[in-house]
Structure formats: structure tokens, C-alpha cells
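Protein chains in written order, with the numbering used here: chain R, 1 to 336; chain G, 337 to 557.
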């Protein structure tokens with residue numbers, strides 16, 4: 001659906017040349033919910049904007065549905081943009097237009113007839129569950145409602161691609177969940193390819209199937225969300241993920257530990273508890289679970305456990321060796 | 337005092353009429369031409385539209401020059417132009433020319449500021465929806481800037497009212513002229529006071545009407 005070919009964007013600022021995106025090459029398939037994550041200033045937003053050419057490309061190419069877009073101008077460019085919806089962190093609705101008028105604006109842009117526009121608006125507002133707000137002004141809506149209107153507006157012209165620029169960053173946790181559910185529904189029911197840039201890993205875990213990680217203008221890692229999150233390869237990705245797996249056990253408890261502290265990560269169905277009880281029996285060690293969590297990435301579970309191993313030095317080493325073999329990862333983080 | 341004012345009732349009404357003619361005509365011209373200059377300044381400074389630093393700077397400097405010249409001097413300097421455009425160097429019609437030019441320069445900058453206050457995100461969303469530039473200007477930019485434009489039209493109207501007081505110097509008539517002739521030259525202080533009272537009421541009314549429109553148009557509140 002969207003293909004980046006060595007895409008690069010540089011900005012000239014006075015005498016400095018700033019690389020915003022450097023040599024991005026990857027493909028987003030039709031039907032993907034594709035996440036692009038990274039810190040602020042990583043170039044995510046710039047990369048996203050090359051798809052509808054809000055951001056001109058300096059080098060390389062961007063293909064949408066197999067056609068290069070980087071040299072489009074005038075009417076051809078406007079036609080491309082009419083079929084690519086976009087939503088933003090701050091919703092970007094016209095404040096002096098009602099909900100209906102905001103949606104009507106993009107339908108009129110595409111040259112629809114007045115009667116069609118009316119029925120299409122009705123249909124769209126039903127879809128985003130805001131039929132009762134048709135004549136309300138944006139200032140009377142909550143953040144979540146504004147984003148729903150923005151989504152309705154973005155979908156108005158039978159969009160095939162929906163670009164989302166930090167769509168939930170200005171929303172609270174509950175509203176975020178409902179907006180993400182709506183995006184997922186759009187993807188599954190309407191078959192629209194959704195591309196989301198965000199700094200929130202939770203967003204990617206919740207709805208994306210594929211993810212690209214961006215750091216300092218470069219794509220450092222790309223792949224299936226579950227693989228990237230459970231088995232990150234690049235240092236930046238590891239660091240990014242470690243923030244969500246932070247280990248907070250009070251220092252007093254850590255001071256009292258008698259054996260080593262081991263972090264165990266396990267994937268999928270393989271239950272760690274069974275492995276723990278097996279090894280406990282086999283090597284005569286005891287486990288003291290200090291901290292643990294099971295996370296779902298899409299519908300796949302991944303678990304993290306922090307355990308303190310108590311036993312003889314020799315048995316502890318054997319148990320750790322077995323854990324290393326039988327789990328995704330087991331690492332000693334405190335060897336007291 | 338009252339009989340003095342009553343004696344001059346017809347003069348005052350005539351002066352009020354002249355003032356209204358000068359202010360309203362110049363205001364209308366300022367809104368149209370000044371509004372266009374404001375739009376030009378805005379669109380040439382914004383890369384979502386037609387960024388052009390040269391045009392922007394040239395127009396900006398020209399408007400600044402006009403705004404630098406005190407109105408009294410501007411009026412005298414522009415008398416030949418009045419003769420050329422309206423065919424006379426005296427009377428309210430002659431004053432319209434310098435008054436309009438000063439108002440255009442004044443309102444251009446205010447209109448530019450009104451356009452600049454429209455959040456860039458709204459315009460970016462419109463560009464992303466595939467709308468053409470003229471469409472974005474007429475359907476998004478101007479409607480979104482409208483409440484602020486109306487407030488600035490009010491400010492401009494009150495400034496023009498102030499400028500118009502100097503029209504008497506070239507026989508333009510109006511309230512200012514009346515106050516000057518009777519109040520200052522003939523020491524009839526009561527006429528001057530009456531004139532000031534009328535002006536105060538006028539300013540209040542203009543502001544009041546402007547605020548009503550601006551509030552009615554602003555859906556952000």
C-alpha cells in the first residue's frame with residue numbers, strides 16, 4: 001500500500017542541514033495497522049507526512065498503491081490527498097464550523113452532490129457514534145468526541161489509508177482505549193490501512209500488527225509487533241521497551257535478599273510457573289517471586305517475572321542454567 | 337448651554353452626517369482593500385500558501401511607511417491625489433482619499449494578525465484533505481478568522497473616527513471641524529463639550545455593535 005524507498009528528508013536551517021528522515025526503506029501492506037514509534041524529534045511525524053506530501057521528500061521515493069507520489073503537483077496531488085485520511089494529536093477541526101460542516105467541507109472538496117453529502121454525513125456520524133452532535137460546535141465536545149469527528153472527516157471520501165499523527169496523545173487513558181477500538185474497527189470492518197505514529201508503546205501493543213522503531217532519523221528496527229516487543233534487537237528498542245518493564249521493588253527488600261535476583265521473560269503459552277516448580281523440585285531450590293506481570297500484545301501473552309532464588313550456590317547455578325534454556329530469557333540482575 | 341447647542345442643531349446634524357460619510361466610506365474601502373493586503377501579507381509569509389519573502393517585505397515596508405506619516409501630514413501630502421481621484425482638494429470627498437489610504441495601512445496589519453491567529457493545524461488538516469488553496473482561504477481561513485477580523489474592524493472604525501476630526505483643515509467638515517471652529521476659535525466651550533459627548537457616545541456604540549457581532553460569530557467559547 002505504501003512503500004518507502006530510501007526516503008530521506010533534510011531541512012535547511014540557516015547554515016545547518018538537519019536530517020529529519022534518513023534512508024527509510026520499508027513497505028506497509030494493505031490491511032496493516034502499522035505503528036511507527038520513537039522519541040520526540042526522531043522524525044516520525046516527518047516520515048508520516050511524506051505519504052501525502054505534506055512534507056516534500058529530499059531523496060528517494062515514496063510509493064502509494066504502487067505509484068510514486070513525490071513529484072505530484074496540483075490536481076493530481078489533491079486527488080491523492082482526498083483518498084488519504086489524516087487525523088492529528090490536536091484534532092484540528094475548524095472551530096467555527098459545526099460537526100456536520102467540518103465533514104461537509106471535505107466532501108465538497110471532492111465534488112460530491114449536496115444530497116449525497118447529507119446522507120454521507122449521517123452515515124459517518126452513526127459510524128463514530130456521534131449522531132446527536134451533528135449541529136454542535138467543536139468547543140462543546142470532549143477530546144474523545146473531537147477525535148471521533150476528525151476520524152469521520154478523515155474517512156469521508158472513502159479513504160483507503162488513514163494516517164494518524166499521535167492520535168491519542170492528548171487523550172486520557174479511557175478515551176484513548178475507545179479511540180483505539182474505533183481505529184481497529186475501521187481497519188477490520190472497512191479494510192482501511194492504518195498508519196499510526198506515536199510515542200506511546202501501549203498504543204502499538206494494543207492495536208498494531210507491525211511496527212517500525214525510529215531513532216535519530218533512522219528506522220532501527222521493523223517487524224511484527226509481538227516479535228519486536230518480546231525480542232528486541234536494537235539497543236534503542238531494548239531501552240524503549242525496558243521503560244515499560246521497569247522493575248520497582250523497594251530497596252529494603254533488595255537489601256535483605258540472600259540469593260541472586262533473576263529476571264525471567266517468557267513468551268506465549270509456555271507458563272513460567274510450571275518451569276519454576278519443575279526446577280525447584282529438580283535442584284532443590286526455592287523461588288521467591290518479587291514482581292511479575294503478564295502483558296498482552298494484541299492477543300498474545302508475554303510475561304516477566306522477577307524471582308529471588310534461594311538454595312546452595314551450586315544448585316542455584318544449575319537452576320539458572322535450566323531457566324536460561326527453557327524460557328525466552330533469564331538474566332541475573334543482582335547476584336547477592 | 338442648551339440653547340447654544342439647540343441653535344446649532346442643524347450644524348451638528350450636518351457635521352454628524354459628514355463624519356458618518358467619511359468614516360463609513362473609508363471603513364468600507366479599508367475592509368476590502370486592507371483585508372486583501374492583510375491576506376497577501378499572510379499568504380506570502382506562510383509556506384502552506386505562497387510563501388514569497390520579496391513580495392511580503394515590499395508590501396510590508398510600503399504599509400509601514402504610510403503608517404509612519406502622521407495623518408495630518410499624510411492628508412496634506414495626498415491632496416493632489418484627491419484632486420486626481422475625486423476631482424477636488426476640498427470637502428469631505430477629498431478627505432476620503434487620505435483617510436482611506438491611512439485606514440487601509442492600519443487595517444492590513446490587523447487583518448494579517450487575525451489570519452495568523454488561525455491555528456496552523458486546522459489549515460494543515462485542510463491541505464491534507466486535498467482542498468485547493470483558494471478553497472482553504474475562503475472556506476476555512478476567513479471563516480475561522482472572522483470573529484477576530486470583526487474585532488479589528490471595530491478598532492479600525494474608531495481610529496478612522498479619530499483621524500476624521502482633522503478633516504476640517506481642508507474643509508472636510510464633520511464633528512471635529514465643528515468643535516474646532518466653535519469650541520476653539522470662538523471660545524464656545526459648550527459646543528466643544530457637546531461634540532466630545534457625541535464622540536464618546538459614537539465610540540461606545542461602535543464598540544458595542546462590534547462586540548455583539550464578534551461574540552455572535554465566535555463559536556470557540
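Beta carbons are placed, not taken as given, at the ideal position from N, Cα and C, and that holds for glycine.
Listed as beta-bridge partners of residue 164 of chain R by DSSP are R/87, R/196.
In the DSSP assignment, residue 525 of chain G falls within the unbroken alpha helix (DSSP H) covering 525 to 553. Between residue 86 of chain R and chain G, the shortest Cβ-Cβ separation is below 8 Å. In the three-state DSSP reduction, residue 426 of chain G falls in the coil class, being neither helix nor strand. Interface annotation for the region 112 to 127 of chain R against chain G: empty, criterion Cβ-Cβ distance under 7 Å. Per the coordinates, the alpha-carbon of residue 150 of chain R lies some 20 Å from the alpha-carbon of residue 473 of chain G.
In the three-state reduction of the DSSP assignment, residue 463 of chain G falls in the helix class. Bounds of the alpha helix (DSSP H) holding residue 513 of chain G are 511 to 514. The beta carbon of residue 24 of chain R is closer than 7 Å to those of 4, 7, 47, 219 in its chain, skipping five residues each way along the sequence. Residue 373 of chain G carries a helical assignment under DSSP once its states are collapsed to helix, strand and coil.
Between residue 15 of chain R and chain G, the shortest Cβ-Cβ separation is not below 8 Å. Shown in chain order are the members of the region 26 to 52 of chain R whose Cβ falls below 9 Å from a Cβ of chain G: 49, 52. Nearest to residue 346 of chain G by C-alpha distance, out of G/542, G/380, G/510, is G/510. Taking 8 Å as the CB threshold, residue 95 of chain R lines the interface with chain G. Close to residue 57 of chain R, with beta-carbon spacing below 9 Å, lies no residue of chain G; the smallest spacing is near 16 Å. Contact annotation, residue 32 of chain R with residue 193 of chain R: C-beta distance approximately 6 Å; criterion of less than 8 Å satisfied. Contact between residue 154 of chain R and residue 87 of chain R holds: CB atoms are separated by about 5 Å, below the 8 Å threshold. DSSP places residue 301 of chain R in the strand class (E or B) of the three-state scheme. One finds 460, 463, 464 in chain G with Cβ atoms closer than 8 Å to the Cβ of residue 54 of chain R, taken in chain order. When the five nearest sequence neighbours on each side are left out, the beta carbons in the same chain lying within less than 6 Å of the beta carbon of residue 379 of chain G are those of 385, 386, in order along the chain. Residue pairing by DSSP places residue 296 of chain R opposite R/301 in a beta bridge. Contact between residue 195 of chain R and residue 34 of chain R holds: CB atoms are separated by about 5 Å, below the 8 Å threshold.
For residue 470 of chain G, no CB of chain R lies under 8 Å from its own CB, so it is not counted at the interface with that chain. In the structure shown, the three-state DSSP call for residue 453 of chain G is coil. Beta bridge pairing from DSSP links residue 210 of chain R with R/34, R/224. With a cutoff of 8 Å on beta-carbon distance, residue 427 of chain G and residue 507 of chain G are scored as near each other.
Residue 123 of chain R is classed as exposed because its beta carbon has fewer than 16 other beta carbons within 10 Å across all chains shown. Listed in chain order, the non-local C-beta contacts of residue 276 of chain R below 6 Å within the same chain comprise 287, local neighbours out to five positions each way being set aside. Per DSSP, reduced to three states, the secondary structure at residue 23 of chain R is strand. Within the model, the alpha-carbon separation for residue 441 of chain G versus residue 366 of chain G is close to 8 Å.
If you check the CB distance, residue 37 of chain R and residue 213 of chain R come in under 8 Å. For the pair residue 105 of chain R and residue 431 of chain G, the Cα-to-Cα distance works out to about 43 Å.
Cβ-Cβ distances below 7 Å link residue 458 of chain G to 476, 480 in the same chain, with the five nearest sequence neighbours on each side left out; the list follows chain order. Going by beta carbons, residue 186 of chain R and residue 162 of chain R fall inside the 8 Å limit.
In this structure, the beta-carbon distance from residue 232 of chain R to residue 216 of chain R does not fall below 8 Å.
Between the region 487 to 504 of chain G and the region 541 to 552 of chain G there are three or more C-beta pairs closer than 8 Å, enough to call the two in contact.
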